[in-house]
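Numbered as in the working numbering, the sequence shown ends at 293 without a single skipped number.
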Amino acid sequence: MAPAPTPKSVLITGCSAGGIGAGLAEAFQEKGYHVFATARTPSKISPSLAGEANVTVLALDVLSVESISAAVESVSKETGGKLDVLINNSGAVTIMPALDVSIEEGKKLFDVNYWAVLAMIQTFAPLLIKANGYVVNNTSVAGVLPFGAFGSIYNSSKAAAILGSESWRLELAPLGVRTLTLVTAAVKTNAFANMSPPTIPENSYYHALQGYVTELSDGRLQKDGITPKEYGDRVVREVEKGTTGKVWIGGGAASARLGSWLFPDWMMDKLIGSMFPYAKMLQNHLNGKQ
């Protein structure tokens with residue numbers, strides 16, 4: 004009797020319960036993959052997910068070279084030195100006017116959203132090449148359109164990740180590795196619940212908008228989003244089909260994609276201004292002071 008085929012393997016970063024990573028891990032687990040579910044704090048991974056027979060939980064800090072190397076070693080021992088799919092899902096968000104943002108904190112955000120992605124790809128490359136594998140990078144619609152109030156640092160980091168991912172796609176293709184760039188729109192996660200509202204400095208030109216920014220941090224931007232599991236199921240389908248390049252995914256993704264193609268800048272500015280009227284609110288405040 005022929006031995007059972009070895010299941011495909013996938014490593015996913017940022018798998019804390021309630022997030023996109025958890026939805027991805029659940030979807031790939033149901034599809035029969037050997038899932039390496041990782042998080043900086045493994046105890047934050049759902050016990051029900053961690054308890055599945057084809058799920059291995061690993062501690063992984065994507066900002067630590069040593070932690071990434073340890074993850075490579077752990078995966079190699081279980082898969083014979085191969086990895087079929089690497090999903091770079093970990094990320095961070097910051098909201099702050101550009102005039103007030105800490106440059107040091109901004110660089111840290113780029114470390115998570117851009118440099119850590121490249122570090123993961125570099126370190127796992129031998130395993131991916133051996134498997135003729137797949138790299139999946141989770142970016143954001145905010146990297147294409149300047150959605151949200153005071154998100155210039157986050158938006159810029161995701162724009163860098165999109166262009167980086169698409170460039171890496173071309174570089175990795177001759178090595179037999181495919182690359183999928185997820186341009187993610189609204190997904191109902193607990194990301195905002197876990198984030199403290201930003202504090203705008205009292206001497207900021209934008210201090211009067213503190214209440215507005217705090218309200219935006221309550222998760223309302225995700226109200227029309229899809230669930231993490233729905234997100235994960237879509238990604239599994241795209242991977243199974245062998246899709247490469249950019250895939251727009253999430254609530255409002257189709258409209259955002261269409262708008263980015265068709266709308267001139269002035270029309271997009273007007274649309275975003277109606278969705279996030281902070282410029283008008285600030286002008287009204289300044290006029291009221293005069």
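Here a beta-carbon is modelled for each residue, glycine too, at the ideal position from N, C-alpha and C.
Evaluate residue i with the Cβ neighbour count: other Cβ atoms within 10 Å of its Cβ, from every protein chain shown; 16 or more gives buried, anything less gives exposed.
i: V238; result: buried
i: I172; result: Note that residue 172 is Arg in the sequence shown, not Ile. Buried, since its Cβ has 16 or more Cβ neighbours within 10 Å.
i: Y208; result: exposed
i: W269; result: exposed
i: H37; result: buried
i: W264; result: exposed
i: M123; result: buried
i: L14; result: buried
i: Q32; result: buried
What's the C-alpha gap between residue i and residue j?
i: S79; j: A282; result: 52 Å
i: T59; j: S51; result: 12 Å
i: N116; j: S93; result: 7 Å
i: V138; j: A74; result: 16 Å
i: D272; j: F266; result: 9 Å
i: E76; j: P149; result: 39 Å
i: P177; j: P201; result: 44 Å
i: V65; j: G291; result: 47 Å
i: Y157; j: A95; result: 8 Å
Between residue i and residue j, how many whole angstroms is the CB-CB distance? I'm expecting something under 8 Å.
i: I165; j: G179; result: That belief does not hold up - the Cβ atoms of I165 and G179 are roughly 23 Å apart, past 8 Å.
i: G17; j: G24; result: 4 Å
From the DSSP output, in three-state form, read off residue i for me.
i: K249; result: strand
i: F39; result: strand
i: A189; result: strand
i: A128; result: helix
i: L14; result: strand
i: A53; result: helix
Ignore the nearest five residues each way along the sequence and tell me which others in residue i's own chain have a CB closer than 7 Å to its CB.
i: G21; result: T192, N193
i: G84; result: L130, K133
Please go through the same chain and pick out, in chain order, the residues whose beta-carbon is closer than 8 Å to the beta-carbon of residue i, but skip the five residues on each side of it.
i: Q286; result: none
Who are the near neighbours of residue i in its chain, counting only those whose CB is closer than 6 Å to its CB and skipping five residues on each side?
i: I48; result: C18, A40, A42, V60
i: M99; result: F153, P201
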